[in-house]
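Structure first, then comments.
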Amino acid sequence: MNLQDKVAIITGASSGIGKAIAQDLDAAGMRLILTARSQDKLEQLASSLNQAKAIAGVITEPEMPQQLVDFALETFGQLDVVLNNAGVMTVGAIEDVDLEAICQMVRLNVESVYRMAYTVLRHFKKVGSGFLINTSSLAGLKTVPQYGAYNGTKFAVEAFTDALRMELAGTGIKVASIAPGTVDTGLYDHWNQEDKDYITSGGALQPEDIARCVRFILEQPDHVLIPRLLAVPTNQPV
Ligand SMILES: NC(=O)c1ccc[n+]([C@@H]2O[C@H](COP(=O)([O-])OP(=O)(O)OC[C@H]3O[C@@H](n4cnc5c(N)ncnc54)[C@H](OP(=O)(O)O)[C@@H]3O)[C@@H](O)[C@H]2O)c1
77 MNLQDKVAII TGASSGIGKA IAQDLDAAGM RLILTARSQD KLEQLASSLN QAKAIAGVIT
137 EPEMPQQLVD FALETFGQLD VVLNNAGVMT VGAIEDVDLE AICQMVRLNV ESVYRMAYTV
197 LRHFKKVGSG FLINTSSLAG LKTVPQYGAY NGTKFAVEAF TDALRMELAG TGIKVASIAP
257 GTVDTGLYDH WNQEDKDYIT SGGALQPEDI ARCVRFILEQ PDHVLIPRLL AVPTNQPV
């Protein structure tokens with residue numbers, strides 16, 4: 077896809093991987109709708125880019141996906157790409173884990189991905205083209221003790237992405253996942269030092285590394301689809 081003037085919605089755009097994707101796709105000439113809860117951060121990012129608009133909100137709210145699609149169409153007149161990227165990571169031993177946080181994670185990492193996907197794919201089907209990329213994880217391909225619930229959310233994203241890709245083959249719509257290993261972002265801010273040391277034991281990618289991968293997926297010619305791109309730190313022993 078030639079990215080010049082194409083329009084993308086990016087969820088989880090206020091920080092980390094989503095922010096880096098926004099900066100990279102802006103540099104490629106795309107027009108962007110940025111969403112997350114933190115209005116200040118979003119507006120600051122949007123004003124630093126060439127053609128970006130911020131719309132703050134909680135992505136698990138059922139009406140949010142349609143609002144985002146409508147906003148993209150009203151603002152830029154088209155919608156070509158959706159990056160389903162917002163997510164959180166809660167892990168821990170059975171005795172310690174915060175069950176409410178686990179259930180909120182499931183709503184964000186799984187339910188909101190489904191809601192967003194089905195809403196945008198109906199639009200893509202109407203216009204006969206579009207590209208949906210879901211942010212999965214290495215944790216969507218391999219399990220780790222104490223990571224079970226997070227693993228489950230990302231395995232769900234992988235399965236959903238793969239089934240959609242097959243369902244939509246031949247329609248002009250592409251579906252793919254980006255599966256990062258450890259990336260240096262705010263995802264681990266609430267973790268204790270021992271868990272942070274474990275997750276970064278093989279080093280960490282920078283958000284810009286994942287943004288480059290996403291752009292690579294998007295920039296393939298029409299007849300090429302990369303269904304999943306797994307990117308890990310060279311020294312991560314996985
Ligand atoms: N970092 C890693 O090592 C890693 C590895 C593999 C996969 N991933 C995945 O990459 C994605 C991005 O994570 P990140 O590492 O960039 O972490 P991050 O910097 O914490 O970014 C998470 C983003 O999601 C948004 N968000 C969180 N809860 C939300 C909610 N309820 N409604 C709307 N937006 C919400 C956050 O913005 P607000 O707080 O402003 O809402 C933020 O923009 C996630 O899906 C994560 O699972 C990360």
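Under our numbering, residues 77 to 314 are what the sequence shown spells out, in order.
Every residue, glycine too, gets a C-beta built ideally from N, C-alpha and C.
Given the structure is predicted, the values throughout are model-derived calculations rather than measurements.
Item                                                                                                         : Value
Opposing strand residues paired with residue 159 [DSSP bridges]                                              : 86, 209
Heavy atom of ligand 1 within 7 Å of residue 164 beta-carbon                                                 : yes
Proximal residues to residue 262 (C-beta, below 6 Å), its chain only, five neighbours per side dropped       : 91, 92
Every unbroken beta strand (DSSP E) within the region 162–242, with a cutoff of 3 residues, ordered by chain : 206–211
Contact with chain B by residue 192, beta-carbon distance below 8 Å                                          : No chain B is present in this structure, which holds just one protein chain.
Cβ pair residue 82, residue 134 closer than 8 Å                                                              : no
Buried/exposed call for residue 236, threshold 16 Cβ in 10 Å                                                 : buried
Residue of 265, 141, 101 minimising C-alpha distance to residue 315                                          : Outside the shown range of the chain (77 to 314) lies residue 315, about which nothing can therefore be said.
Bounding residues of the alpha helix (DSSP H) (the contiguous stretch that carries residue 113)              : Residue 113 -> no alpha helix (DSSP H), and no H or E assigned at all.
N- and C-terminal bounds of the alpha helix (DSSP H) containing residue 300                                  : Note, residue 300: premise wrong, no alpha helix (DSSP H); not H, not E.
beta-carbon residue 253 near ligand 1 non-hydrogen atom, thresh 7 Å                                          : no
Near ligand 1: residue 195 beta-carbon under 7 Å from a heavy atom                                           : no
One or two residues paired with residue 96 in a DSSP bridge                                                  : In the DSSP output, where bridge partners are listed per residue, residue 96 has none listed.
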